[in-house]
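Numbering (my numbering), first residue to last: 11 to 130.
Pasting the structure below:
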């Protein structure tokens, strides 16, 4: 086993590597995989940051808000209403953070383009 070089984010690097490994060994389609992961997060009462890692894969899999609602409805009798309501709040927060990051990136790109025009 090779020793990985030191990193500033060893925990995040490990989680990313585990996730990549899991996806590579899983034969589910993207939509089923994201549904399974979100259902597991709900069952665990995961924090918003855990959902944030699934925003882009959910969008890539064209997972709709209606499908997310259906998923929460389907698992509510198993995990309980408290977990579903908690998950809904965490999911909303994760999407809010993701949207804020996109807005921030868009603003940075626009500013960089504006700066390049004034310099050049």
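Where a beta carbon is used, it is the ideal one built from N, C-alpha and C, also for glycine. Because the structure is a prediction, the values reported are computed rather than measured.
- Taking all protein chains shown into account, decide if residue 44 is buried (16 or more other Cβ within 10 angstroms of its Cβ) or exposed. In the chain shown, residue 44 corresponds to position 34, counting from 1. Result: buried.
- Message: Assuming the contact rule is C-beta atoms closer than 8 Å, residue 64 and residue 85 should be a hit. Round their C-beta distance to whole Å, please.
- Response: The residue given as residue 64 occupies position 54 in the chain shown. The residue given as residue 85 occupies position 75 in the chain shown. That pair is no contact at about 15 Å.
- Message: DSSP three-state label for residue 31, please.
- Response: Locating residue 31 in the chain shown gives position 21, counting from the first residue. Helix at residue 31.
- Note the first and the last residue of the continuous alpha helix (DSSP H) segment covering residue 38. As a working note, residue 38 is residue 28 in the chain shown. Counting along the chain, residue 38 falls outside any alpha helix (DSSP H), and DSSP gives it neither H nor E.
- Query: Which class does residue 17 belong to by DSSP, given the choice of helix, strand or coil?
  - Reply: In the chain shown, the residue the question calls residue 17 occupies position 7. The answer is coil: DSSP assigns residue 17 none of H, G, I, E or B.
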